[in-house]
Amino acid sequence: MITFSHTTVAFTGHRKYRGEAQQALADTVVALYNGGYTTFLSGMAVGFDMAAAECVLSLKERLKGIRLVAVVPFEGQEQRFSEEDKRRFEEILRRADERVVLSQIYHKGVYMVRNDYLVSHSAVVVACYDGSAGGTRYTVRRAEKTGREVINISPEAPVGVELRLF
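Under our numbering, the first residue of the sequence shown is numbered 1, with each subsequent residue one higher.
Okay, structure coming up:
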């Protein structure tokens, strides 16, 4: 398992994400890499998490030393996905530099455990957060409370939450 690092970035975002911030995501990853951040954590949920993981993987040839860590909340998580998302999940795991599985089975609160892990093992959290309730809100608030920098790339960012585009 990885330990906290000042060069680690975690992603959080909504499952309904459909690519609306893809350029901002890529620009943000490149800017963070150029600023010395080399390890990127994906919580491996459908939507923004997997899109962010795929973005990091697409930049590996160009950005030497960039690493992707797939943080899987529980073994078999992908069984709840569509066939297309199962395929994407498996491809990301195959290409990730490291895989962390937090629980062998599903249990109530397993996603919160994953979100806490992402925050506690990163210095920066890149969010695609539109202000709605759920795990992304929880993760953004936890990151802010623990002093992590939060970069929100959502085109629908709520007032009072930083929208930072590179």
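For every residue, glycine included, the Cβ atom is placed at its ideal position computed from N, Cα and C.
Note that the structure is a prediction, hence the values are computed from the model and not measured.
The stretch 145-155 makes contact with the stretch 124-137, as at least three CB pairs between them are under 8 angstroms. The beta-bridge partner set that DSSP reports for ARG67 consists of THR39. Inter-segment contact for the stretch 19-33 and the stretch 47-62 is present: three or more beta-carbon pairs are separated by less than 8 angstroms.
Beta-bridge analysis with DSSP links GLY13 to CYS128. In this structure, THR39 is the residue among ALA45, PHE89, CYS55 and THR39 with its C-alpha nearest to the C-alpha of ILE66. For ARG88, the enclosing alpha helix (DSSP H) stretches over residues 83-95.
Just measuring C-alpha positions, the residue of HIS6, VAL101 and VAL69 sitting nearest LEU41 is VAL69. For ARG99, the pairing in a beta bridge is given by DSSP as ALA70. Apart from sequence neighbours up to five positions away, the residues of its chain that approach ARG148 with a beta-carbon distance below 7 angstroms are VAL119, SER122, ALA123, VAL124 and VAL125, ordered along the chain.
Sequence-distant partners of GLU83 (beyond 5 residues in either direction) whose C-beta falls short of 8 angstroms from its own C-beta are missing from its chain.
In the displayed model, THR28 falls within a helix according to three-state DSSP.
For TYR138, the enclosing alpha helix (DSSP H) covers residues 135-145. Nearest to VAL9 by alpha-carbon distance, out of ALA21, ASN34, LYS108 and TYR17, is ASN34. Where GLU54 is concerned, the enclosing alpha helix (DSSP H) starts and stops at 48-59.
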